[in-house]
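Sequential numbering from 4 applies to the sequence shown in the working numbering.
Glycine included, each C-beta is placed from N, C-alpha and C at the ideal position.
All of these numbers come straight from a predicted model, not from anything done at the bench.
Input: a single structure, listed below in structure tokens.
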Amino acid sequence: MADYAIGDLQGCLEAFDCLLKKIDFNPDRDRLYLAGDLVNRGPDSLGTLRRVYQLRDNVQSVLGNHDLHLLAVAHGATRSKRKDTLAEILDAPDREALLGWLRRCPLLIDLPSHNATLTHAGIPPLWTLEQARRYAHEVETVLNDHRCGDYFAHMYGNQPAGWDESLTGPDRWRVITNHFTRMRFVDSNGALDLTTKGEADAPPSGFMPWFKHPHRKDTDTRLLFGHWAALEGQTGIEKVNALDTGCVWGGSLTALRLDDLAHIHCDC
Numbered sequence: 004m005a006d007y008a009i010g011d012l013q014g015c016l017e018a019f020d021c022l023l024k025k026i027d028f029n030p031d032r033d034r035l036y037l038a039g040d041l042v043n044r045g046p047d048s049l050g051t052l053r054r055v056y057q058l059r060d061n062v063q064s065v066l067g068n069h070d071l072h073l074l075a076v077a078h079g080a081t082r083s084k085r086k087d088t089l090a091e092i093l094d095a096p097d098r099e100a101l102l103g104w105l106r107r108c109p110l111l112i113d114l115p116s117h118n119a120t121l122t123h124a125g126i127p128p129l130w131t132l133e134q135a136r137r138y139a140h141e142v143e144t145v146l147n148d149h150r151c152g153d154y155f156a157h158m159y160g161n162q163p164a165g166w167d168e169s170l171t172g173p174d175r176w177r178v179i180t181n182h183f184t185r186m187r188f189v190d191s192n193g194a195l196d197l198t199t200k201g202e203a204d205a206p207p208s209g210f211m212p213w214f215k216h217p218h219r220k221d222t223d224t225r226l227l228f229g230h231w232a233a234l235e236g237q238t239g240i241e242k243v244n245a246l247d248t249g250c251v252w253g254g255s256l257t258a259l260r261l262d263d264l265a266h267i268h269c270d271c
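Written out as structure tokens, the structure is:
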């Protein structure tokens, strides 16, 4: 039995199947933990989502920003963008089953047997892990009750940039979502810069990669995240593992075997 954490699939079914073969995945024995962004930009978003759904008894995934974008489009809260590769999902006969499963995916998954936590973009440095769990649960609850329409209608936007416990309603949901699914650079107060997508060593003035914040709260738990392909799987920080190695951009798809921290790759 082995547990694997896998980076952003983004519709790259061929690479995903390659990786499953390379790790000799056995659904009677192994478990997969996916870092979100299962769909979009890649060549086969529908096939990828179907494959994950087929394996759902042995797969858990967090939600990424592209997954939430798909759900917002399906809900009618926004339109597809020019570079989206979501049309086949939206037109598929099994879309309701696929999207229903996706919407129930969490923002945060704890892996206690590995002393690890998985999110799409990371854990905000000035949040404790207990705070992160609580805030993730808030949004997960909204996504699956009568407020989901209001959530999707107000999900997009970069403001407020910083966390404030007094926030309520859509502003609060948006800030929590941005921290879990879009975060890269933060300032000393933990506020987000959501316009810069480059390498970690080229932050905007006054900002730093979230995992290099000098007062990061949780340093005992292994943090697993995707989202930031420009890192090429390297953070330079112990117990902070970047999983997105840019498959959709011509890089590779990576699985981290959690039992011994071995990396397995398939070129894309």
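- Residue pairing by DSSP places Tyr7 opposite Leu35 and Arg260 in a beta bridge.
- The Cβ-Cβ distance between Leu22 and Ala258 falls below 9 angstroms.
- Looking from the CA of Leu37, the closest CA among Thr224, Glu99, Pro217 and Thr120 belongs to Thr120.
- Ser48 is not a Cβ neighbour of Leu71, given a cutoff of 9 angstroms.
- Between Ala80 and the set Gly50, Met158 and Ala135, the nearest pair of CA atoms involves Met158.
- Distances from the CA of Pro163 to each of Ala156, Gly253, Gln63 and Asn181 were compared; the closest alpha carbon is that of Asn181.
- Membership of Cys151 in the alpha helix (DSSP H) is indicated by the continuous run Cys151 to Ala156.
- For the pair of segments examined, the segment 219-226 was found not to touch the segment 194-207: the number of CB pairs separated by less than 8 angstroms stays below three.
- In chain order, Leu12, Thr51, Arg54 and Leu256 place their CB closer than 7 angstroms to the CB of Phe19, counting only its own chain and leaving out the 5 sequence neighbours on each side.
- Taking a 10 Å sphere around the C-beta of Gly103, we find fewer than 16 other C-beta atoms and assign the residue as exposed.
- In the DSSP assignment, Asn192 falls outside any beta strand (DSSP E), carrying neither H nor E.
- Val65 carries a coil assignment under DSSP once its states are collapsed to helix, strand and coil.
- Between Asp247 and His230, the beta carbon gap of about 6 angstroms places them in contact (Cβ cut-off 8 angstroms).
- Per DSSP, Ala90 lies in no beta strand (DSSP E) segment; the continuous alpha helix (DSSP H) that holds it begins and ends at Ala90 to Leu93.
- In the DSSP annotation of this structure, the continuous segment of the alpha helix (DSSP H) that includes Leu52 starts and ends at Ser48 to Gln57.
- Phe28 and Cys271 have their C-alpha atoms spaced approximately 19 angstroms apart.
- Short of 6 angstroms from the beta carbon of His268, and not among the five residues preceding or following it, lie these beta carbons of its own chain, in chain order: Ser255 and Thr257.
- Our two residues, Gly160 and Arg82, have alpha carbons roughly 15 angstroms apart in a direct line.
- Taking the C-beta atoms as reference points, Val65 is found no nearer than 9 angstroms to Phe214.
- Taking a cut-off of 8 angstroms for Cβ pairs, the segment 188-198 and the segment 170-177 do not touch, as fewer than three such pairs fall below it.
- Excluding five sequence positions before and after Asp196, the CB atoms of its chain that fall closer than 6 angstroms to its own CB belong to Phe188, Pro207 and Phe210, given in chain order.
- It is roughly 10 angstroms from the alpha-carbon of Pro217 to the alpha-carbon of Leu129.
- At a Cβ-Cβ threshold of 9 angstroms, Asp6 and His117 count as neighbours.
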